[in-house]
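Q: Numbering (our numbering), first residue to last: 1 to 295. Ideal placement from N, C-alpha and C gives every residue a C-beta, glycine not left out.
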Ligand code: SF4
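#1: With DSSP run on the structure shown, which of helix, strand or coil describes residue 125?
#2: Please find out if some non-hydrogen atom of ligand 1 comes closer than 6 Å to the beta-carbon of residue 291.
#3: Quick check: the Cα distance between residue 289 and residue 154, rounded to an integer number of angstroms?
#4: Please state if the CB of residue 225 and the CB of residue 240 are separated by a distance shorter than 7 Å.
#5: Report the CB separation of residue 86 from residue 283 in whole angstroms; it is logged as a contact under 8 Å.
#6: Would you kindly work out how many angstroms separate the C-alpha atoms of residue 183 and residue 89, rounded to a whole number?
#7: Helix, strand or coil, according to DSSP, for residue 105 in the structure here?
#8: Which whole-angstrom value is the C-beta distance of residue 134 and residue 156, which I expect to be below 8 Å?
#9: Is residue 153 close to ligand 1? I mean its beta-carbon at under 6 Å from any heavy atom of the ligand.
#10: Going by CA-CA distance only, name the one from 266, 244 and 109 that's closest to residue 212.
#11: Among 97, 103 and 119, which residue has its Cα nearest to the Cα of residue 166?
#12: How is residue 229 classed by DSSP in three states: helix, strand or coil?
#13: Pop quiz: residue 257 and residue 208 are said to be a contact at Cβ under 8 Å. What is the actual Cβ separation, rounded to whole angstroms?
#14: Going by beta carbon distance, what residues of the same chain come within less than 8 Å of residue 42, once the five residues before and after it are set aside?
#15: DSSP state of residue 100, grouped into three classes?
#16: Any chance the CB of residue 276 is under 6 Å from a heavy atom of ligand 1?
#17: So what's residue 187 in DSSP terms, helix, strand or just coil?
#18: To the nearest angstrom, report how far apart residue 97 and residue 252 are at their CA atoms.
#19: Straight-line CA distance for residue 171 to residue 232?
#20: Compare the C-alpha of residue 114 against each of 254, 164, 187 and 222 and name the closest.
#21: Consult DSSP for residue 195 and reduce its assignment to one of helix, strand or coil.
#22: Does the Cβ of residue 246 have 16 or more other Cβ atoms within 10 Å, making it buried, or fewer, making it exposed?
#23: For residue 278 and residue 159, I'd like the C-alpha separation in whole angstroms.
#24: Suppose the cutoff is 6 Å on Cβ atoms and the five residues either side in sequence are ignored; what does the same chain contact list for residue 196 look like?
#25: Please state if the CB of residue 200 and the CB of residue 286 are separated by a distance shorter than 7 Å.
#26: Please classify residue 250 as buried or exposed, where buried requires at least 16 neighbouring CB atoms within 10 angstroms.
#27: In the DSSP assignment, find the alpha helix (DSSP H) that holds residue 154 and state where it starts and stops.
#28: Can you give me the C-alpha to C-alpha distance between residue 102 and residue 265, rounded to a whole angstrom?
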């Protein structure tokens, strides 16, 4: 989707560019996925009652029950909440497996990180990195980005979806940084969210990676993992974020969103989670765990 992340809430440690400075990396925040509708309004209850009044084949009953269980897990209903000990155990395992999780977006400083994350909406990290390489070479600072102008920026990023809107946002946010903040990226979520193309998710990524704050950026992967596992069920990214903030021990918070995003991207995949190789499978509340494929 080529929307900016203000329109859709959702998606991390750095590398320096060398000899041509090795770029730092951050995980691109992807858009949050669709979530299950909460069940339980009157109309739904009436339909359920009507269905239940009709005898159903055992297979159909089984299927309905499986769907209901999955929906309950997605909505965080009727599942045992994680205990503090379980949460600590899960993040201890993530930490042991990947003590310093790295993202996949290239950047060199807070400004280029901010721009890269803005460009990453509806785009792959690989695509963003490729486009951003020439863009950052031409305009590594807000001042240079303003001088390059919208058409100039668009020329570097036209391989990305919604590149015209992104070019407009990048130039305007650069202009604001120069005019209001002396060209620096403010370490303040509320201010960041006033910049064009920047929503809470992007602000959280920048605060976490560029400034080392323990923020949790909820992208589509993290949203899915939190709901599936029952770790922090929520109807929207903000609910999930606030739930995770409450339950994750402080010592894990800095890397928590990287671990969960990467877990969602590479293991707890959207269509077919690879539960058989999941390091938190015994803790996860998802009722439909997948078995290992036949050899
Ligand atoms: S057990 Fe499966 S559903 Fe649960 S977190 Fe692991 S991969 Fe995801």
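A: Looking at the atomic coordinates:
#1: Looking up residue 125 in the chain shown gives position 125. Here residue 125 sits in helix by DSSP.
#2: Residue mapping note: residue 291 aligns to position 291 of the chain shown, counting from 1. It does not: the Cβ of residue 291 is nowhere closer than 6 Å to a heavy atom of ligand 1.
#3: Within the chain shown, numbered from 1, the residue matching residue 289 stands at position 289. Within the chain shown, numbered from 1, the residue matching residue 154 stands at position 154. Cα to Cα, residue 289 sits roughly 44 Å from residue 154.
#4: Translated into the one-based positions of the chain shown, residue 240 becomes position 240. Translated into the one-based positions of the chain shown, residue 225 becomes position 225. Contact: no.
#5: Sequence index remark: in the chain shown, residue 86 carries index 86 (1-based). Sequence index remark: in the chain shown, residue 283 carries index 283 (1-based). Between residue 283 and residue 86 the Cβ distance is about 5 Å, and since that is below 8 Å, they are a contact.
#6: The count along the chain shown starts at 1 and reaches residue 183 at position 183. The count along the chain shown starts at 1 and reaches residue 89 at position 89. Straight-line Cα distance between these residues: approximately 42 Å.
#7: Here residue 105 refers to the residue found at position 105 when the chain shown is read from its first residue. DSSP places residue 105 in strand when its eight states are reduced to three.
#8: The count along the chain shown starts at 1 and reaches residue 134 at position 134. The count along the chain shown starts at 1 and reaches residue 156 at position 156. About 5 Å separates the two Cβ atoms, so the contact holds.
#9: For the purposes of this step, residue 153 is taken as residue 153 along the chain shown, with counting starting at 1. No - ligand 1 has no heavy atom lying nearer than 6 Å to the Cβ of residue 153.
#10: Taking the first residue of the chain shown as 1, we reach residue 212 at position 212. That would be 109, whose Cα lies nearest to the Cα of residue 212.
#11: Numbered from 1 along the chain shown, position 166 holds the residue referred to as residue 166. Here the closest residue by C-alpha is 119.
#12: Residue 229 sits at position 229 when you count from the first residue of the chain shown. Helix, per DSSP.
#13: Taking the first residue of the chain shown as position 1, residue 257 is located at position 257. Taking the first residue of the chain shown as position 1, residue 208 is located at position 208. Confirmed, about 6 Å.
#14: Taking the first residue of the chain shown as position 1, residue 42 is located at position 42. Any answer about residue 42 is weak, because its pLDDT of 36 lies below 50 and its placement is not dependable; what the coordinates show is given next. Answer for residue 42: no residue qualifies.
#15: As a first step, residue 100 is located in the chain shown; it is residue number 100 there, counting from the start. Three-state DSSP puts residue 100 in coil, outside helix and strand.
#16: The residue you call residue 276 lines up with position 276 of the chain shown. It does not: the Cβ of residue 276 is nowhere closer than 6 Å to a heavy atom of ligand 1.
#17: For the purposes of this step, residue 187 is taken as residue 187 along the chain shown, with counting starting at 1. Residue 187 falls in the coil class under three-state DSSP.
#18: Sequence index remark: in the chain shown, residue 97 carries index 97 (1-based). Sequence index remark: in the chain shown, residue 252 carries index 252 (1-based). Approximately 13 Å, taken between the alpha carbons.
#19: Position 171 of the chain shown, counted from the start, is the residue given in the question as residue 171. Position 232 of the chain shown, counted from the start, is the residue given in the question as residue 232. If you take the alpha carbons of residue 171 and residue 232, they lie about 36 Å apart.
#20: For the purposes of this step, residue 114 is identified with residue 114 of the chain shown, where counting begins at 1. When only C-alpha atoms are compared, the closest one is 187.
#21: Taking the first residue of the chain shown as position 1, residue 195 is located at position 195. Of the three classes helix, strand and coil, the one that applies to residue 195 here is coil, per DSSP.
#22: The count along the chain shown starts at 1 and reaches residue 246 at position 246. The residue is exposed, with fewer than 16 neighbouring Cβ atoms inside 10 Å.
#23: For this step, residue 278 is matched to residue 278 along the chain shown. For this step, residue 159 is matched to residue 159 along the chain shown. Using only the alpha carbons, I get a separation of about 35 Å.
#24: Residue 196 sits at position 196 when you count from the first residue of the chain shown. The answer, listed in chain order, is 169, 172 and 173.
#25: The residue labelled residue 286 in the question sits at position 286 within the chain shown. The residue labelled residue 200 in the question sits at position 200 within the chain shown. No, these two residues do not count as a Cβ contact at 7 Å.
#26: Numbered from 1 along the chain shown, position 250 holds the residue referred to as residue 250. Classification for residue 250: exposed.
#27: Taking the chain shown and counting its residues from 1, the one referred to as residue 154 is at position 154. First-last of the alpha helix (DSSP H) with residue 154: 142–157.
#28: Here residue 102 corresponds to residue number 102 of the chain shown, with the count starting at 1. Here residue 265 corresponds to residue number 265 of the chain shown, with the count starting at 1. The straight-line gap from Cα to Cα measures roughly 13 Å.
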